[in-house]
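> I'd like to ask you about the structure that follows.
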Amino acid sequence: MSRYVSLLILVSVLGTFSGKAVTGHRLNHINQDYEDWMHSYQPPMPKFRTLGKPKYESTNHWVKAAQSTLKDRLAHKNIEGVAKNTIFFLGDGMSLPTVTASRIFKGQLEGSHFGEEGTLFFETFPHVGVSKTFCSDSQVADSACSATAYLSGTKANIATIGVKPTVSFRDCKNMMNVSHQVESVLAWAQAAGKSTGVITTTRVTHASPAGTYAHIADRDWENDAVVKASGADPEFCDDIAEQLVLHNPGRKINVILGGGRREFMPYNVPDP
């Protein structure tokens, strides 16, 4: 079973809202003129539903849709054999508002009446769910501690990758201690004799893909120059690029595709 980790960046462009105060009798008129006045800098948007509902918004439509969904779920049969390959796709961000905006925008591009009736492909999967994200020491997660969570199954402190919560930010000593490190699913696959790969649209040393192979106390320690600039010793604190090339499981990865060549070049050598 090969294991490939892919990072897909999804960028949603939302309209800019006007900061004008709401005054006068317009508050009593929820119509397109009011919308244009409130959001005068916003790109053209679909009209309000008060101007007419599309034909599909009927009780019969939704009853049939529910019956169709139920029929599909009851007919679904799980594949219980051993998987040949496993592909882990990660869309950076992907909060519920981002997913919702993307669904609506996709629906509008496809010519639907409003856009809400659109569907993202992964929403058609037989098994879907949501997760709550946080770091061991932070209510809001970043790409580093969350990468550790979904690839190694354990929480970590913010800005740290592949280490236990016993490793604090820039704690180089504990970072280099294997007893404070955690293994990723990529390392488990290699231990089982499987081929592995990492594909990303960002730098291969970025926090998200680095979660597959690195053990680092600062996600920004992508090269030794940054380690030194932070006041740490690059001779002792192995940076992310070094871990990818010289350490396991990084050096055993079969396929690596992504950016970040600068992190592997001497600081005084220009990148052509």
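Throughout the sequence shown, residue numbering follows mature numbering (1 follows the signal peptide of the UniProt record, and there is no 0), covering -21 to -1, 1 to 251 in sequence.
Built from N, CA and C at the ideal position, the CB exists for glycine as well.
#1: Relative to the C-alpha of E242, which candidate in A211, I195, T184 has its C-alpha closest?
#2: In the DSSP assignment, find the beta strand (DSSP E) that holds G237 and state where it starts and stops.
#3: Per DSSP, what are the beta-bridge partners of S47 in this structure?
#4: Pull up the CB-CB distance for D197 and S209, whole angstroms please, since I reckon it's below 8 Å.
#5: Per DSSP, C114 is paired with what?
#6: Would you mind stating whether D218 and V205 have Cβ atoms separated by less than 9 Å?
#7: Using a 10 Å radius around the Cβ and a threshold of 16 neighbouring Cβ atoms, would you call E95 buried or exposed?
#8: Can you find at least 3 beta carbon pairs, one from the segment 145 to 159 and one from the segment 170 to 184, that sit closer than 8 Å?
#9: Note down the Cα distance separating P251 from S115, rounded to an integer number of angstroms.
#10: Three or more C-beta pairs closer than 8 Å, one from the segment 145 to 152 and one from the segment 52 to 62: is that the case here?
#11: Would you check if the distance between the CB atom of residue 267 and the CB atom of A126 is smaller than 9 Å?
#12: State the Cα-Cα distance for the pair R230 and D203, rounded to the nearest angstrom.
#13: Would you check if the distance between the CB atom of L223 and the CB atom of A189 is smaller than 9 Å?
#14: Which of the three DSSP states is assigned to R149 in this structure?
#15: Which word fits Q118, buried or exposed, when buried means at least 16 other C-beta atoms lie within 10 angstroms of its C-beta?
#16: Look at the Cβ atom of L99, then the Cβ atom of V78, and state whether they are nearer than 9 Å.
#17: Taking the alpha carbon of L225 as the reference point, which residue from G239, W200, G238, Y192 has its own alpha carbon closest?
#18: Can you find the residues in the same chain that come closer than 6 Å, C-beta to C-beta, to P213, ignoring five residues on each side of it along the sequence?
#19: Quick one: Cα of P249 to Cα of S81, how far?
#20: D199 and S122 look like a contact to me (Cβ under 8 Å); what is the Cβ gap, rounded to whole Å?
#21: Three-state secondary structure (DSSP) at T179?
#22: Is I66 closer than 9 Å to V142 when the C-beta atoms are compared?
#23: Pop quiz: C124 and K134 are said to be a contact at Cβ under 8 Å. What is the actual Cβ separation, rounded to whole angstroms?
Taking the structure as given:
#1: Nearest option by C-alpha distance: T184.
#2: First-last of the beta strand (DSSP E) with G237: 234 to 238.
#3: Beta bridge pairing from DSSP links S47 with no other residue.
#4: The beta-carbon separation of D197 and S209, rounded to 7 Å, stays under the 8 Å limit for a contact.
#5: In the DSSP secondary-structure assignment, C114 is bridged to S117.
#6: Yes, the Cβ-Cβ distance between D218 and V205 is below 9 Å.
#7: The residue in question, E95, is exposed, as its Cβ has fewer than 16 Cβ neighbours within 10 Å.
#8: The segment 145 to 159 and the segment 170 to 184 do not touch, with fewer than 3 CB-CB distances between them shorter than 8 Å.
#9: Straight through space, the alpha carbons of S115 and P251 are spaced by roughly 41 Å.
#10: A contact is defined here as three or more CB-CB pairs under 8 Å, and the segment 145 to 152 fails this definition with respect to the segment 52 to 62.
#11: Outside the modelled stretch of the chain, which goes from -21 to 251, sits residue 267, for which no answer is possible.
#12: Distance between the alpha carbons of R230 and D203: 18 Å.
#13: A distance below 9 Å separates the beta carbons of L223 and A189.
#14: Under the three-state reduction of DSSP output, R149 falls in the coil class, being neither helix nor strand.
#15: Q118 is exposed by the Cβ-count criterion.
#16: Their beta carbons are under 9 Å apart, which means L99 touches V78 by this criterion.
#17: When only C-alpha atoms are compared, the closest one is Y192.
#18: Within the same chain, Cβ atoms closer than 6 Å to the Cβ of P213 are found at D203, V206, K207, the five residues on either side in sequence being excluded.
#19: Distance between the alpha carbons of P249 and S81 is about 39 Å.
#20: Going by Cβ atoms, the distance from D199 to S122 rounds to 11 Å, so no, they are not a contact pair.
#21: When secondary structure is reduced to three states using DSSP, T179 falls in the strand class.
#22: For V142 and I66, no; Cβs fall outside 9 Å.
#23: Right, their Cβ atoms sit about 7 Å apart.
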